[in-house]
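Each residue of the sequence shown is one higher than the one before, counting from 756 in the numbering used here. C-beta: ideal position from N, C-alpha, C; glycine also. The structure appears right after this line, and notes come after that.
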Amino acid sequence: MKITCIGAGYIGSVTGTSLSVMGHHCTIIDIDAAKVDAINAGTSPIYEPGLQDLIQLQAGTFLFASTSYQSVYDADVVFIGVGTPSLEDGSADLSYIRAAAANIAKHLNPDRFTVIVNKSTVPVGTGEEVTSMIEHISGLRPGEHFAVASNPEFLREGHALEDVFFPDRIVVGASAGRAKERLKELYAPFMRRDLLVKAAQLLGIQEREIVPPVYFETDLRSAEMIKYASNAFLAVKISYINEVARFCEAVGANVMDVAQGMGLDSRIGNQFLQVSSGWSGSCFPKDTAELLNASQKHGQELSIVKAAIESNYQMHLYIANKVHDRIGSLQNRTIGILGLTFKPNTDDTRHTQAAVLIRKFSECGAVIRAHDPKGMTGFHQRNNDLPVIYCSTGEQVAEGADVLVLVTHWPEYKVLDWKWMHEAMRSPYILDTRNFLNPEEMRGLGFMYEGLGLGTDK
Ligand code: NAD
C-alpha cells in the first residue's frame, strides 16, 4: 500500500519505518526540514534503539520523507502522528492536528478513497472533528472519498520497534466499514507469523516468542478513549506502588519484595510496579491532564486520575525532601543528577522528573551537576533557564558533590567507576530513586546508600 505519515517524531518516524519494513511504500512528512533530511539521508531524527539501522536499510527504496504533503494525493492510508501537548488548563492542544488535517484536505485525490488515521493521542470526538474539517476544506464526502479512523499507539519509547512489530493489541476504531477493511489489509503483515519471525531477526530479537497481536476493532470514540484510559490506568498503577513504597519505608517493609509478591498475581501483573521519583515524560502528564479535564467538563470527574496526578507531584517532592532531610540546607551544596530523560534508552526530555527536581534544588540554592547518555542537549534546550553544569561522563557528576540522585536507570550507570566517584564526592550520599544499584556493593564502597521503600534491613 501507499502510506503517508504526518510527523517524523517519536511516533511518526517509527510508524513509517516499520510499515515500510512490512512492505508498504511509505512517505513521512514533517514541517521540520532537519528531520526530513535526516530520514532521506538514512539517519534517524530521534534516538530510539535500532531505528537508525532500519531507516538506513529502508530509505530511498520503501521509505521517503518530505516537507510537502504531495504524497497524500496517492496515499491509500494517511497517518496523523503530530504532537498533542497540553494547554494551560490541561486539555490537549489540537492545533497541530488541525493544521495537519487542513493540509491533508488540500491534497486529497477525489478519485481515490483515502483513509485518514489518527495515531496521535486525541480526545474523544477528535476523529469526528477531523472528518468535518476535511469535508469542509476539500468539499469531498466522508464515506465516499475518505474516512477518518482512530488507531492509537501504545509503544514505549526505548522499546518502540519491538512494541510496534509485536504489540499486545492493534486497536482500530472507525465508523466506515471500508476504512476498517483498508486498515485490516494494512496490518495483515503484522498478523503473519512468517513475517514477524523475519522482523524479529532484523531487530536481533530472535529469542522472543512470536505471537501475532489481538486485532481489536471498535468505533471511533471508543478507540480514542482506549488510549487515554490505558495511559491513565498505568499512571495510577505507578502512583500506587510509589505510595506503597513510601508506606513500606514508614513500616520497615521492602517494596521490591512487596511489588514482586503482588505481581505474581496474574490479576495484578508485574509490570508498572517499579518504584521511581514519579511518572513523567511526553505522554502520561499530558494524557492524564486531558482525561481529567475532559471528564470534569462532562460532569464525570475521574477522581482516581486526579488523585494519581496529585500523588505523583507529591512523589517528586518526597524525593526533594529526602535530600533536604539528609543533608540539611541546600544553599551552595552540590547535587549530582544521574539521568535527565524520563526513562532509559530515549533522548526524549519532555516533562522529566529531573526537571522538577533540579528546579526545586536550584530554588534552594544548590549547585547542580548532571549527566545523561542521550538527553543532555535536549534537556538543555528545553530547560535553558536552569543553572546546570553538564558533565560529559557520569563519573564527573560526583566531583565535589554532597549527594548523588540517580533519577534515570540507564544501564551504563551500573558500571560507572563508583570507587572513583566515592573519592570525588564531598560527602558520599546516594539517593537511588529507582532501586537500581546494588545497595551492598555501594555500601561496601563506603557510600551512604538510600533507595525507596527498601525496609529496615536493606
Ligand atoms: P513529536 O513531537 O516527537 O513528533 C511530532 C512531529 O510532528 C514533530 O516532528 C513535528 O515537527 C511534526 N509536526 C507538527 N505539526 C506538523 C504538521 N502540521 N505537518 C507535519 N508535521 C508536523 O511527538 P510524538 O512523541 O511523536 O507524539 C505524537 C503523538 O503520538 C502525540 O499525540 C502523542 O501523545 C502520541 N503518542 C506518543 C507516544 C510516545 O511514546 N512518544 C506513544 C504513544 C502515543
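Residue from the options whose Cα sits closest to the Cα of residue i
i     : options                      : result
L1028 : S826, V1010 and E917         : V1010
V769  : Q807, R937 and R933          : Q807
D1127 : V1152, K1115 and S905        : V1152
V827  : G778, Q813 and I889          : I889
I871  : Y1073, Y1184, A954 and G882  : G882
A856  : S846, I758 and N873          : N873
D829  : A854, D792, Y942 and H780    : H780
F909  : D866, V1122, L895 and Y983   : Y983
I1113 : P1099, H1079 and K1129       : H1079
Q1026 : Y995, S1147, G1036 and H1053 : Y995
F1097 : M756, Q1015, L958 and W1165  : W1165
I852  : H862, G838 and P865          : G838
D974  : K935, H891 and L989          : K935
G898  : K861, S930 and A1005         : S930
A904  : I925, K1174 and L1085        : I925
P922  : E964, T886, G894 and G959    : E964
S893  : I783, N1087 and N864         : N864
I758  : F834, I786 and N795          : F834
S1084 : Y1168, H891 and K1115        : K1115
Y1068 : G805, S1035 and G1206        : S1035
Beta-carbon proximity check, residue i vs residue j, cutoff 7 Å
i     : j     : result
S821  : I810  : no
I766  : G836  : yes
A987  : P878  : no
I1090 : I1123 : yes
G1033 : Q961  : no
H1071 : V1013 : no
I1082 : V1158 : yes
A1125 : E1154 : no
F920  : A954  : yes
P1194 : Y1204 : yes
I783  : I801  : no
Distance between residue j and residue i (C-alpha atoms, nearest Å)
i     : j     : result
Q1055 : N1139 : 39 Å
L951  : G928  : 24 Å
R1181 : D1042 : 41 Å
P840  : G762  : 14 Å
V991  : V1060 : 7 Å
T1188 : H1106 : 17 Å
Y970  : E979  : 16 Å
K1213 : L1200 : Annotation note: pLDDT 47 at K1213 (below 50); position unreliable, no value reported.
M1197 : A788  : 47 Å
I859  : Y824  : 7 Å
E1004 : G1208 : 4 Å
R896  : R867  : 12 Å
T1132 : R933  : 45 Å
A854  : N997  : 39 Å
D848  : I786  : 17 Å
A902  : M756  : 16 Å
S1021 : L989  : 16 Å
E1118 : C1146 : 21 Å
A1000 : P1040 : 21 Å
D949  : G1016 : 37 Å
E884  : K1077 : 47 Å
G771  : C760  : 6 Å
F945  : M777  : 8 Å
Whole-angstrom C-beta distance between residue j and residue i, which should lie under 8 Å
i     : j     : result
L818  : S775  : 4 Å
G1120 : V1162 : Contact doesn't hold; Cβ gap of about 20 Å is too wide.
I1064 : S1031 : Incorrect: roughly 15 Å between the Cβ atoms, too far for contact.
L941  : V832  : 6 Å
N696  : L938  : Past the edges of the chain, shown from 756 to 1213, lies residue 696, and the structure says nothing about it.
R976  : G1130 : The Cβ separation is near 36 Å, so there is no contact.
V1160 : L1192 : Contact doesn't hold; Cβ gap of about 12 Å is too wide.
Own chain, CB closer than 6 Å to residue i, minus 5 neighbours either side, in chain order
i     : result
F1134 : L1095 and T1104
L1171 : G1149 and E1150
T1101 : E912 and G913
E728  : The shown model of the chain, from 756 to 1213, leaves out residue 728, and the question about it has no answer.
H862  : Y824, V827 and Y828
G845  : A1044 and N1048
T886  : P897 and V903
Contacts around residue i, its chain only, beta-carbon distance under 8 Å, and the 5 residues preceding and following it disregarded
i     : result
R947  : P967
C1038 : T876 and N986
Spatial neighbours of residue i in its chain, beta-carbon cut-off 7 Å, leaving aside the 5 residues before and after
i     : result
L1046 : Y983, A987, L1057 and V1060
P1099 : G913, T1163, H1164, W1165 and P1166
H1177 : P1183, L1200, G1201 and F1202
Any non-hydrogen atom of ligand 2 closer than 6 Å to residue i Cβ
i    : result
S773 : This structure lacks ligand 2; the ligands present are ligand 1.
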